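So the protein lines, in turn, are chains E and W.
With my numbering applied, the first sequence covers 1 to 161.
With my numbering applied, the second sequence covers 1001 to 1390.
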Amino acid sequence: MDQLLKLLEQNAKLSTEQLSAILGKSEEEIRKAVEEYERTNVIVGYNALVNWEKINPNDCTAVIELKVQPKRDHGYDELAAEIMRLDEVQTVWLMSSSSYDLSVIVRGHSFRDISMFVAKRLATLESVTSTATNFVLKRYKEHFFPFEEIEKDERRHLNID
Amino acid sequence: MIDYSKILSEKVADLKPSGIRKFFDLAAEVKDVIALTIGEPDFKTPWHIREAGIKSLEKGRTWYTANAGLFELREEISKYLKRRFSLEYDTKDIFVTVGGSEAIDLTIRAIIDDGDDMLLPIPSFVCYDPICKLAGGNVVTIPTKRENDFRLTAEELRAAITPKTKLLVLPFPNNPTGAVMRREHLEEIAEVLRGTDIMVLSDEIYAELTYGGERHVSIAEIDGMKERTIIVNGFSKAYAMTGWRLGYVAGPSPIISQMLKIHQYAIMSSPTTSQYAATVAMSDCDKEVEDMKQQYDMRRRYLVKAFNDMGLDCFTPEGAFYVFPCIKSTGLSSEEFCEKLLHSKKVAVVPGGAFGTSGEGFVRVSYSYSLEHLMEAVKRIGEFLEELKK
């Protein structure tokens, strides 16, 4: 059912009926498979990829690098759990990098917004020893989708081949 | 003033322009058309095939190859025919052409003389008929039927054979219907042909694009048929290499050597860069072909169900990348259907009549497009059909 996951990963809006036709399985089989994936957290969630900059041009994203001094009883997982709870935080990753430990992706309404968030909410966390904020200037592609159409179909459509 | 009509070859001047030209001219005038018309893959040539072409250029391999094509490519083709169809062809009985198209042209020209009959199942690809006419031959069409899943049957074949019949075109998997001939169907055809001197042009360009588990069988595999068959195949469809213009033929030595003579004089040799790329395609791309096939298969299932759900009877094709729904229930001719659909919903599909008279009442819908594209088109076709009912 790998193919089912790939299809949903690219387009979560596909209906059970459509998936059933595309994959040649019954709707019941598709429904059961999706439920099982949801139950076991293989499918973690569904969301729309929003181009917020179109609604509010000042909206921005930052990738924040956190250096961490893990402590006994308060390691990476515990710190990550604290960060995950913050609404502004989109993504938290533990990295294998020599220069930092956690990567946090944050969205905000302005550069200042995000900088204040880092200063007040992230830098102050116990065991965070330093932060580095990288602002995203342009989003080209996320989750397989280009933000602007990069390639046109250049084939000659009006020919019989 | 020169009267060019007196200068031009009569055979050329008599060729009818493709019946579809008019429709395509109309479609070209409509902006932002959602096209489902195309006969080439939407995938790009797999990267390591492209890389092999690039490397050959970097190494400066920019000369002609042998007339018959690169030896290593012919060897790979020979190995492919062996592993895929258990067919033994010596490299001297294979040569590389400019697309399957040249291979078709050479086969017909090498066999057909003035007044000879060529049998052509229709609907089928548009090139066989004019090439035969240029060679001076007569085209005897054999309409295949929806109730036979658009297969050629032994009875239909037997009824069409005349003392002048020299060649049967066997275009399966079929463009535009997507029909395939399974081993048992080919056995029946072979039964009719074995006692005759009729040759078969087996156009197997879609050989790797079959769905539902059964892989394409070549008629050359059937007892007594290898000596009667010229296999035409190429790289365009399976490897998404249309623009590289590369195909090949394999067949009995006495015929292949004569075809090679025409190729030597008319073409010299096929493009060198393409031949280096194709060598890698043959030896090292089974996985890429399989991946593309899986994508086509999903789209195929989606479209067949969508058309049947919309009330247009749609035969389940087992090959190529087209579906061929019947539009007779709308009361429109296929050309009217296509024009109305184009103007009211900006969706372009090809009238079935373009592929032979028996294609009338059907339209060809290509699925060499992304699922999203197909879904948008299906939505619009659904609206169109609803509006027709009112």
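Glycine residues also receive a C-beta, built at the ideal position from the N, C-alpha and C atoms.
This structure is a prediction, so every number in the text was calculated from the model and none was measured.
- Under a criterion of Cβ atoms nearer than 9 Å, the residues of chain E adjacent to A1027 (chain W) are, in order, H157 and L158.
- Going by beta carbons, V1126 (chain W) and A1348 (chain W) fall outside the 7 Å limit.
- For R1301 (chain W), the chain E residues whose Cβ falls inside 7 Å of its Cβ are A21, I22 and G24, in order along the chain.
- Residue burial annotation: E1386 (chain W) is exposed, with fewer than 16 other C-beta atoms found within 10 angstroms of its C-beta.
- Residues of chain E whose Cβ lies closer than 8 Å to the Cβ of T1177 (chain W) do not exist; the shortest such Cβ separation is about 14 Å.
- The stretch 1317-1326 of chain W makes contact with the stretch 1364-1382 of chain W: 3 or more CB pairs, one atom from each, lie closer than 8 Å.
- Taking all protein chains in view, the Cβ of K1133 (chain W) is crowded by 16 or more other Cβ atoms within 10 Å, so the residue is classified as buried.
- F1024 (chain W) belongs to the set of residues whose beta carbon lies under 7 Å from a beta carbon in chain E.
- For K1305 (chain W), at least one C-beta of chain E is nearer than 7 Å to its own C-beta.
- Not a single CB atom of chain E sits nearer than 7 Å to the CB of A1238 (chain W).
- DSSP, reduced to helix, strand and coil, places G1247 (chain W) within a strand of the structure shown.
- Closest in C-alpha terms to A1110 (chain W), from the list W:N1067, W:M1225, W:M1199 and W:S1086, comes W:M1199.
- DSSP, reduced to helix, strand and coil, places L1087 (chain W) outside both helices and strands of the structure shown, so it counts as coil.
- Per DSSP, reduced to three states, the secondary structure at M84 (chain E) is helical.
- Put simply, the backbone Cα of N1138 (chain W) is about 13 Å away from that of L1015 (chain W).
- Excluding sequence positions up to five before and after L125 (chain E), its CB lies within less than 7 Å of the CB of L79 and E82, all in the same chain and listed in chain order.
- Look at the stretch 27-82 of chain E and you find these whole runs of alpha helix (DSSP H), each 4 residues long or longer: 27-39.
- The criterion of a C-beta distance shorter than 7 Å is not satisfied by A1240 (chain W) and A1052 (chain W).
- Residue pairing for N1138 (chain W): DSSP places it in a beta bridge opposite W:D1117.
- T40 (chain E) and Q10 (chain E) have their C-alpha atoms some 20 Å from each other.
- Under the rule that a run must span 3 or more residues, the beta strand (DSSP E) segments found entirely inside the stretch 1213-1296 of chain W read 1229-1234 and 1247-1250.
- DSSP places F1024 (chain W) in the helix class (H, G or I) of the three-state scheme.
- The Cβ atoms of P1176 (chain W) and T1144 (chain W) lie no closer than 7 Å to each other.
- V136 (chain E) and A62 (chain E) have their alpha carbons spaced roughly 6 Å apart.
- The count of Cβ pairs closer than 8 Å, one atom from the stretch 1087-1099 of chain W and one from the stretch 1252-1263 of chain W, reaches three, so the stretches are in contact.
- Here the alpha carbons of Q69 (chain E) and P1046 (chain W) stand approximately 46 Å from one another.
- L94 (chain E) and A132 (chain E) have their C-alpha atoms spaced approximately 15 Å apart.
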